[in-house]
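Residue numbers (this note's numbering): 1333 to 1496.
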């Protein structure tokens, strides 16, 4: 699978944004004539952030990999709740839930769900060469360049000497 290069935000930031998204949905639900859908969705998002093992987790029950899957399920439920015809909801509530779904996806897409050990190994594999190694390579390159110039100069002087 192709790994898309993207800025990866820390997981604690993801959890805090989830709490904020949940609170925004609940605050929007308070102002709606039919507040059921946004309020329930906000509570589910807050619960998902609270039960995850992480810096901002309240109960530390599930791991980050499962949290990642639950995020996708929640996004699908949020998207479905904007289109569902069973529970009556006004247009403003549907638009708010749809916009929150989009924001939630962007936050999810740019989150680093890996643990500390996995991040360290990824960074080590991607690490730049050390200064000693760079110095050796630069020295070899300069030395090779000087030697090739000397050989070139010698070949020119040898060619000039043969003409005489």
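Glycine included, every Cβ here is placed at the ideal spot set by N, Cα and C.
Terminal residues of the continuous alpha helix (DSSP H) containing residue i?
i: residue 1344; result: 1343-1362
i: residue 1425; result: 1423-1441
Figure out for me which residue from the options has the closest Cα to the Cα of residue i.
i: residue 1410; options: 1430, 1391 and 1387; result: 1430
i: residue 1436; options: 1406, 1490 and 1368; result: 1406
i: residue 1368; options: 1463, 1419, 1446 and 1468; result: 1419
i: residue 1426; options: 1339, 1366, 1469 and 1347; result: 1366
i: residue 1359; options: 1375, 1345 and 1346; result: 1375
i: residue 1408; options: 1386, 1424, 1434 and 1467; result: 1434
i: residue 1364; options: 1467, 1428, 1469 and 1463; result: 1428
i: residue 1390; options: 1379, 1482 and 1417; result: 1379
Using 9 Å as the threshold, is the C-beta distance between residue i and residue j below it?
i: residue 1373; j: residue 1355; result: no
i: residue 1383; j: residue 1432; result: no
i: residue 1439; j: residue 1350; result: yes
i: residue 1381; j: residue 1370; result: no
i: residue 1445; j: residue 1397; result: yes
i: residue 1385; j: residue 1394; result: yes
According to the neighbour-count rule (16 or more other Cβ atoms, all chains shown, within 10 Å of its Cβ), is residue i buried or exposed?
i: residue 1421; result: buried
i: residue 1479; result: exposed
i: residue 1442; result: exposed
i: residue 1343; result: buried
i: residue 1403; result: buried
i: residue 1347; result: buried
i: residue 1488; result: exposed
i: residue 1471; result: exposed
i: residue 1392; result: exposed
Where DSSP assigns a beta bridge to residue i, which residues make up the other side?
i: residue 1394; result: 1384
For chain B, is any of its Cβ atoms less than 9 Å away from the one on residue i?
i: residue 1418; result: You won't find chain B in this structure, because it holds only one protein chain.
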